[in-house]
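Chemist:
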Amino acid sequence: MKKSYKFLALSFLILICAQVNAQVKSDSVKTQTGTKIYLSATAATQGFGLDIKVAPRADFAIRGGASILPIGGTHVYSVRSEPTDVALDGKLNNAHIMLDWHPWINGYEWSKKVVVTAGAGYFWENGGTATVSYRGTYKYGDILIPSSDLGVLIGDVRWNKVAPYLGFGFEQPFPKHKFNIGFAVGTYYMGKPEATLTGTKFLAANTSNSAQFQENMSYYRFLPVVQINLNFQL
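The following block contains the structure:
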């Protein structure tokens, strides 16, 4: 008789656990229905931007937006013990559209947050210019050339305007709170850049090194992205 009671009690507990598990799965399915819209502020190595994300399901979303990355400033280097100015002026500004996919939406708590992203960006500003100028007096053999007569050396680099993107990150699908944070890493493939080198005055002869400058810059084809997303549900 005691064994029968124990068996009935065990069966009752199993039924309760099964019912709870079924309820959890049911709730999990419910959270995957309905469309949600988010406004995302992004801060990344590609600059700062805003995205609008539309998620018709918890495991899939499409988002579009734009980001800007101004590159500027003057850096001082030493050439032949004389200070040399390198002035940078460039921009990598883009509009983009991305598809986000949570491949393990029904997995563990950490795995369902994994998101794979694919898309492309249109860079309406896609490069920059570096202007090198020598300070002081340049000694060429026995000839002293003041910086005002020496001239400047200008390097210009431009990448493709359209660049595909691939990456992954961690973000809560269909979060319960209005505000949540996401993290992503990936890269744009910018293609082989077009690079030119131009000199003025006494430095005009360096224009002949433009082909070598193009070759040196040809390896810089990727724009890596490390990004934090601040998402607000609308």
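When the letters of the sequence shown are read in order and numbered with mature numbering (1 follows the signal peptide of the UniProt record, and there is no 0), they come out as residues -22 to -1, 1 to 212. Note that CB positions come from ideal geometry on N, CA and C, so glycine has one too.
Residue 136 and residue 81 - do their beta-carbons sit closer together than 8 Å?
Modeler: Result no, Cβ atoms of residue 81 and residue 136 do not sit closer than 8 Å.
Chemist: On the DSSP bridge assignment, give the partners of residue 17 in chain order.
Modeler: The partner list for residue 17 (beta bridge, DSSP) reads 30, 210.
Chemist: Of the residues 96, 132, 115, 139, which one's Cα is nearest the Cα of residue 69?
Modeler: Minimum Cα distance to residue 69 is reached at 139.
Chemist: Does DSSP put residue 190 in a helix, in a strand, or in coil?
Modeler: The answer is helix: DSSP assigns residue 190 an H, G or I state.
Chemist: Determine the extent of the alpha helix (DSSP H) in which residue 127 is found, giving its start and end residues.
Modeler: Element bounds for residue 127: 125 to 128.
Chemist: Unbroken alpha helix (DSSP H) runs of length 4 or more, entirely within the segment 119 to 186: which are they?
Modeler: Segments of the alpha helix (DSSP H) lying fully in the segment 119 to 186: 125 to 128.
Chemist: Does DSSP put residue 196 in a helix, a strand or coil?
Modeler: Residue 196: coil per DSSP, three-state reduction.
Chemist: When you compare only the Cα positions, how much space is there between residue 134 and residue 37?
Modeler: So the two alpha carbons sit approximately 43 Å from each other.
Chemist: Candidates 14, 111, 145: which alpha carbon is nearest residue 97's?
Modeler: Closest by alpha carbon: 145.
Chemist: With C-beta atoms as the reference, is residue 114 less than 8 Å away from residue 141?
Modeler: No, the pair does not count as a contact, with Cβ atoms beyond the cut-off.
Chemist: Return the chain-ordered list of same chain residues with a C-beta closer than 8 Å to the C-beta of residue 83, the five sequence neighbours on each side being excluded.
Modeler: Excluding sequence neighbours, residue 83 sits near 10, 36, 37, 90, 151.
Chemist: Taking the straight line between their C-alpha atoms, what separation do you get for residue 176 and residue 204?
Modeler: So the alpha carbons of these two residues sit roughly 34 Å apart.
Chemist: Counting along the chain, where does the beta strand (DSSP E) carrying residue 95 start and finish?
Modeler: From DSSP, the beta strand (DSSP E) with residue 95 extends over 92 to 112.
Chemist: When you compare only the Cα positions, how much space is there between residue 184 and residue 64?
Modeler: Distance between the alpha carbons of residue 184 and residue 64: 16 Å.
Chemist: Since I believe residue 169 is in contact with residue 143 (beta carbons under 8 Å), could you give me their beta-carbon distance rounded to a whole number of angstroms?
Modeler: Their Cβ separation, rounded to whole angstroms, is 13 Å, which puts residue 143 and residue 169 out of contact at 8 Å.
Chemist: Given a threshold of 16 other Cβ atoms within 10 Å of its Cβ, counted over all protein chains shown, does residue 112 qualify as buried or as exposed?
Modeler: Buried: at least 16 other Cβ atoms inside 10 Å.
Chemist: DSSP three-state call for residue 204: helix, strand or coil?
Modeler: Three-state DSSP puts residue 204 in a strand.
Chemist: State the Cα-Cα distance for the pair residue 192 and residue 132, rounded to the nearest angstrom.
Modeler: Cα-Cα distance, rounded: 13 Å.
Chemist: Going along the chain, which residues of its own chain have a beta-carbon closer than 8 Å to the beta-carbon of residue 215, five neighbours each way excluded?
Modeler: This structure cannot settle anything about residue 215, because the visible part of the chain is limited to -22 through 212.
Chemist: Going by beta carbon distance, what residues of the same chain come within less than 6 Å of residue 41, once the five residues before and after it are set aside?
Modeler: For residue 41, where only same-chain residues beyond five positions count, the Cβ hits under 6 Å are 29, 31, 76.
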